[in-house]
Amino acid sequence: MYLPRHKYKASMEKLVRVRFAPSPTGYLHVGGLRTALYNYLFAKHNGGKFILRIEDTDQSRKVEGAVENLIATLEWAGIHYDEGPNREGNHGPYVQSERLKLYHQHAIQLVERGKAYYCFCTQERLEEIRQKQSAAKLQPSYDQHCRDLPKDEAERRNAAGEKHVVRMKVPLGGELTFEDIIRGKVTFSYSVLDDQVILKSDGFPTYHLAVVVDDHLMEITHVIRGEEWLSSTPKHVLLYQFFGWELPKFAHLPLLLNPDKSKLSKRQGDVAVEDYRAKGYLKEAIINFVAFLGWNPGDEREIFLLDELVKEFSLERVGKSGAVFNIEKLNWLNAQHLRKKPIAELLGMVKEYLSPSVGLVQSSLSNKHFDDAYVLQIIGAMRERALFVKDLIENCPYFFEPPTEYDPAIVKKRWKEQTPDHMRKLIEEFKLLEGPKKEDYEAALHRVAGALGVSNGELIHALRLAVSGMGIGPGLYDIVFILGKEETIRRISAAIERLK
RNA sequence: GGCCCUAUCGUCUAACGGUUUAGGACGUAGCCCUCUCAAGGCUGAAAUACGGGUUCGAUUCCCGUUAGGGCUACCA
403 MYLPRHKYKA SMEKLVRVRF APSPTGYLHV GGLRTALYNY LFAKHNGGKF ILRIEDTDQS
463 RKVEGAVENL IATLEWAGIH YDEGPNREGN HGPYVQSERL KLYHQHAIQL VERGKAYYCF
523 CTQERLEEIR QKQSAAKLQP SYDQHCRDLP KDEAERRNAA GEKHVVRMKV PLGGELTFED
583 IIRGKVTFSY SVLDDQVILK SDGFPTYHLA VVVDDHLMEI THVIRGEEWL SSTPKHVLLY
643 QFFGWELPKF AHLPLLLNPD KSKLSKRQGD VAVEDYRAKG YLKEAIINFV AFLGWNPGDE
703 REIFLLDELV KEFSLERVGK SGAVFNIEKL NWLNAQHLRK KPIAELLGMV KEYLSPSVGL
763 VQSSLSNKHF DDAYVLQIIG AMRERALFVK DLIENCPYFF EPPTEYDPAI VKKRWKEQTP
823 DHMRKLIEEF KLLEGPKKED YEAALHRVAG ALGVSNGELI HALRLAVSGM GIGPGLYDIV
883 FILGKEETIR RISAAIERLK
């Protein structure tokens, strides 16, 4: 085929094309997110394409709405695909159940070349030999009963409509070695490879056939996937050889682990990205965290945004051993990103919490209106001590309504007999202030303390209690300034009344 | 059981044979700052699984042991 000169050159350094190929079982697993992320980072770092392909060849595991959810979560995280469902490129369709014909053709092709064969064995027979094998302590594998069925017999039974599958013909002796970017050379003996089914009796392909056909047809250059696929890679390599296709490069990622080091699973906590999203984790934190589970930039930087990861990422720096999903570090990263995030973005997120439609878990705040300038000030004051966006509001209810109760422990500690008098003095002093700034409140409080002959602290703690009802929070002068003079005075009076 | 992969502080990791008394981060302990809570700063405890080689020299290379994990379907 004729190729223009520049095209030819480009094909010498083939455009990187990678894919994330989840099966739609309902939600996006954090391990899946990391696989998707590494694929995305690798593609973008190398100026290549990131493709999303849906592997839905197991009809029994179909989950309604799973694909939509998967895509929505990926997009939310900022991992945008170049080609995939609803974003057709030149290699579609991108959903395997829509490519059945392709797999069928290729399976037949292999049968015709003598690289695969029809197998008419029933489930019952298969079950039977498996039981015999395990009873005899042999490794369970297909006994190749139909491997050498005469061609005409196979075709006759096939034509008669007898149920069958297609199995690949694994060489009887020898071994196979392939190169993995992360692990180096990996060798398997053919004797441990089963004559794997590649086309099921329902006409659907198994993963092994589908992945090879699709990766080839979609011109995938690098197969980056979880380590659980390492053991079946020789089957895939063999299929490439059977078809006479060029092998992509393989990179098998170490697994994400539970605290007990087993493969990260649902039983031991949340594994769905959606769960973390719902809990209020920032996408920036999740991406940053997951990126560092198995990869690092080689220096001591830890806080990375997606585009910074794109710049730094390389498969060479991906480790080989599994990584425990450690929530403490995620929490820390979330706090870091919460502080780093542009305040305007935070405003939007906070307002969502304040809106009647979303609402706050236990609050009457959602129906009130607070203007942006006011909320912005609260964010500024609370940001340093929040882990989640919701903390920005939930930890400081006093910014939204006067305290309805006063923390008894703090009352006991900070509200003494003489305190009401002190507070009255404070009110008097505050009343004299005109358009006070933070510093003005501070100076006023100092004056009162001096006149009263008490420490600033004594006044500060009592005042904090009076205006917030709590013993913790931002700097006192920040609180008072945000609340404003009138509201502050009102609250002090109320506290004097209620804490008699 | 068989095959494959892996092995540095509790956890995530750095070190690509010597610059190492094994570095950083989370967490943890203590101190400082301070109006509280945080944040921040400083300090501490904490690891090369074990045994053999190779080498002048091994965390680093090789072998074995042990441990963990993955796979072993007409699931992906």
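Each residue of the first sequence is one higher than the one before, starting from 403 at the first, in the numbering used here. We put the beta carbon where it would ideally sit given N, CA and C, even for glycine.
| Query | Result |
| --- | --- |
| Look up LEU589 in the DSSP assignment and give the residues it is bridged to. | The question names Leu, but residue 589 is Thr in the sequence shown. In the DSSP output, where bridge partners are listed per residue, THR589 has THR579. |
| Could you spell out where the alpha helix (DSSP H) holding ALA562 opens and where it closes? | Here ALA562 belongs to no alpha helix (DSSP H), and DSSP marks it neither H nor E. |
| Using DSSP with H/G/I as helix, E/B as strand and the rest coil, what is LYS933? | Nothing about residue 933 can be reported from this structure: the residues present for the chain run from 403 to 902 only. |
| With the cut-off set at 7 Å, would you say THR437 and GLY671 are in Cβ contact? | no |
| Count the other CB atoms within 10 Å of the CB of ARG515; is the residue buried (16 or more) or exposed (fewer)? | exposed |
| Only counting runs of 4 or more residues, tell me where the alpha helix (DSSP H) segments fall wholly within the stretch 614-662, in order along the chain. | 635-645 |
| Mind pulling the alpha helix (DSSP H) runs of 4 or more residues that sit fully within the stretch 725-790? | 729-742, 745-756, 774-784 |
| Comparing C-alpha positions only, which one of LEU443, HIS618, LYS451, GLY428 sits nearest to SER462? | GLY428 |
| List the DSSP bridge partners of HIS431. | ALA674 |
| Can you tell me whether DSSP reads TRP697 as helix, strand or coil? | strand |
| Taking only three categories from DSSP, how would you classify MET570? | strand |
| Could you give the DSSP three-state label for THR890: helix, strand or coil? | helix |
| What are the residues that DSSP puts in a beta bridge with GLY486? | ARG489 |
| State buried or exposed for PRO799, treating a residue as buried only when at least 16 other CB atoms are found within 10 Å of its CB. | buried |
| Within 10 Å of its beta-carbon, does THR806 have 16 or more other beta-carbons around it, so buried, or fewer, so exposed? | exposed |
| For the beta strand (DSSP E) that ILE600 lies in, which residues bound it at each end? | 599-601 |
| Give the C-beta separation of LEU472 and ALA674 to the nearest angstrom, bearing in mind that I take them to be a contact with Cβ-Cβ under 8 Å. | Rounded, the Cβ-Cβ distance is 11 Å, inconsistent with contact. |
| Closest by CA to LYS792, which one among LEU847, GLU686, ALA680? | ALA680 |
| Comparing alpha-carbon positions, which option in HIS508, THR579, TYR683 lies nearest ILE600? | HIS508 |
| Suppose contacts are defined by Cβ-Cβ distances below 7 Å. Is ASN550 in contact with VAL572 by that definition? | Reading off the sequence, residue 550 comes out as Asp, not Asn. Against a cut-off of 7 Å, the Cβ pair of VAL572 and ASP550 comes out as no contact. |
| Would you say the stretch 637-644 touches the stretch 494-501, given that touching needs at least three Cβ pairs under 8 Å? | no |
| Going by Cα to Cα distance, which pick from LEU861, MET784, LEU789 is closest to GLU377? | Within the shown structure, residues of the chain are numbered from 403 to 902, placing residue 377 beyond reach of any answer. |
| Which same chain residues end up closer than 6 Å to LEU748 when comparing Cβ atoms and leaving out the 5 residues on each side of it in sequence? | ILE781 |
| Comparing alpha-carbon positions, which option in SER425, GLY449, VAL432 lies nearest LYS464? | SER425 |
| Whose C-alpha, out of PRO487, SER895, ASN448, is nearest the C-alpha of PHE422? | PRO487 |
| Spatial neighbours of LEU711 within its chain, please: CB distance less than 6 Å, with the 5 preceding and 5 following residues excluded, ordered by chain position. | LEU443, ALA693 |
| For ILE705, count the other beta carbons within 10 Å of its own beta carbon; 16 or more makes it buried, fewer makes it exposed. Which is it? | exposed |
| By Cβ distance, which residues of its chain are closer than 7 Å to ASN698, with the 5 residues on each side in sequence left out? | ARG719 |
| Distance, Cα to Cα, PRO816 vs GLY871? | Here the sequence assigns Arg to residue 816, which means Pro is not the residue at that position. In a straight line, the C-alpha of ARG816 is about 11 Å away from that of GLY871. |
| Please state whether DSSP places TRP453 in a helix, a strand or coil. | One detail in the question is off: residue 453 reads as Ile in this sequence, not Trp. Correct three-state label for ILE453: strand. |
| Note down the Cα distance separating LEU735 from HIS824, rounded to an integer number of angstroms. | 43 Å |
| If we count the other Cβ atoms within 10 Å of its Cβ and call it buried at 16 or more, is LYS637 buried or exposed? | buried |
| Which residue comes first and which comes last in the beta strand (DSSP E) that contains HIS832? | It should be noted that the sequence gives Phe, not His, for residue 832. Here PHE832 belongs to no beta strand (DSSP E); instead the alpha helix (DSSP H) covers 821-833. |
| By the three-class DSSP mapping on this structure, what secondary structure does TYR442 have? | helix |
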